[in-house]
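Reading through the structure tokens given below for one structure.
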Amino acid sequence: MSGAGTGRLAGRVALVTGAGDGIGAAVARAYAAEGARVVVAELSEETGPAVAAEVGGTFVRTDVSDRAQVEVAVATALDTYGSLDVLVNNAWGSAQLCRVEDKTDAMIDQGMAVGFRGPLWAMQAAFPHMSARGWGRVVNMCSLNGVNAHVGTLEYNAAKEALRALTRTAAREWAPTGVVVNALCPGAKSAAFRRVMGDHPELEAMADAGNPMGRIGDPLADVAPVAVFLASEDCRYLTGNTLFVDGGAHINGVAWQPDLP
767 MSGAGTGRLA
777 GRVALVTGAG
787 DGIGAAVARA
797 YAAEGARVVV
807 AELSEETGPA
817 VAAEVGGTFV
827 RTDVSDRAQV
837 EVAVATALDT
847 YGSLDVLVNN
857 AWGSAQLCRV
867 EDKTDAMIDQ
877 GMAVGFRGPL
887 WAMQAAFPHM
897 SARGWGRVVN
907 MCSLNGVNAH
917 VGTLEYNAAK
927 EALRALTRTA
937 AREWAPTGVV
947 VNALCPGAKS
957 AAFRRVMGDH
967 PELEAMADAG
977 NPMGRIGDPL
987 ADVAPVAVFL
997 ASEDCRYLTG
1007 NTLFVDGGAH
1017 INGVAWQPDL
1027 P
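Going by this note's numbering, the first residue of the sequence shown is number 767, and it counts up by one from there.
Printed below as a string of structure tokens:
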């Protein structure tokens, strides 16, 4: 995605969690380029303000595993811009690669808090304002990891599949209100991807080679344009869907076999 946008999101207000890096930052940039005012809800007080300044938006420090902070992020959008039209639940922390029998309660609890409860709280806080206006877009970043049950990342897989179930349930319940809810499963070199590959560099070449297009995607060029569509007026009749933006990796699955002790 390059150059000036076409104004597809002009006048809209978007809240993007985990927007300080990777896919979240790419979505924030793409939305701003299309005319949206963007609230960058990010844990890092270094990357978050930098992205907010770049896109001309507002930064709010947010730990999405804390309900009060999630509700403050939604309130910040409403107080600053007077509305909230688009919610992108993108934030994630990190998953430690290890086998199912080695996962601790703390790992699972953290994964569910960040990957499932945080998005749920954000949706609950945003819905009354969206439904009152008869227009809203929720984009939940899910993952092929959960769909294909990739090894080593149980807490991530479980949280992302729970988020997909939430996506479909909310889409069904909210369909009459004008609020549509969709899941996007990206195959991109996100911040989380880079963290895992930093610890296991041998897996990056394997991941690229295993993709039908021969590469893992770029957050801005490959994923963000689809997130723009899901936030736009063009998405008015699409809800409860999972869009795989992954170079075709979902068709036959991908080879993912890290060496787990």
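By construction, the Cβ of each residue, glycine as well, lies at the ideal position given by its N, Cα and C atoms.
In this structure, the alpha-carbon of Asp851 lies about 46 Å from that of Pro1027.
If the five residues before and after Lys869 are omitted, its C-beta is found closer than 8 Å to the C-beta atoms of Leu920, Glu921, all from its own chain and listed in chain order. In the three-state reduction of the DSSP assignment, Ala776 falls in the coil class, being assigned neither a helical nor a strand state. Your pair Gly822 and Ala798 checks out as a contact, with CB atoms roughly 6 Å apart and the cut at 8 Å. Assignment of Ala785 by DSSP, reduced to helix, strand and coil, places it in the coil class.
For Val947, the closest of Val989, Pro978, Met896, Ala915 by C-alpha to C-alpha distance is Met896.
Taking every protein chain shown into account, the CB of Val866 has fewer than 16 other CB atoms within 10 angstroms, so this residue is exposed. Straight-line spacing of the CA atoms in Gln876 and Gly790 works out to 20 Å. If you check the CB distance, Gly788 and Ala954 come in under 9 Å.
Put simply, of Thr935, Ala973, Ser810 the residue whose alpha carbon is nearest the alpha carbon of Ala949 is Thr935.
Per DSSP, reduced to three states, the secondary structure at Thr1008 is strand.
Taking 9 Å as the cut-off, the beta carbon of Ser831 is found no closer than this to the beta carbon of Ala872. Shortest Cα-Cα distance from Leu844 to any of Pro894, Phe995, Trp940, Cys951 involves Pro894. The Cβ-Cβ distance between Glu811 and Ala857 does not fall below 9 Å. Of all C-beta pairs linking the region 979-995 to the region 1008-1016, three or more are shorter than 8 Å, placing the two stretches in contact.
Measuring C-alpha to C-alpha distances from Thr824 to each of Phe995, Val782, Val854 identifies Val782 as the nearest.
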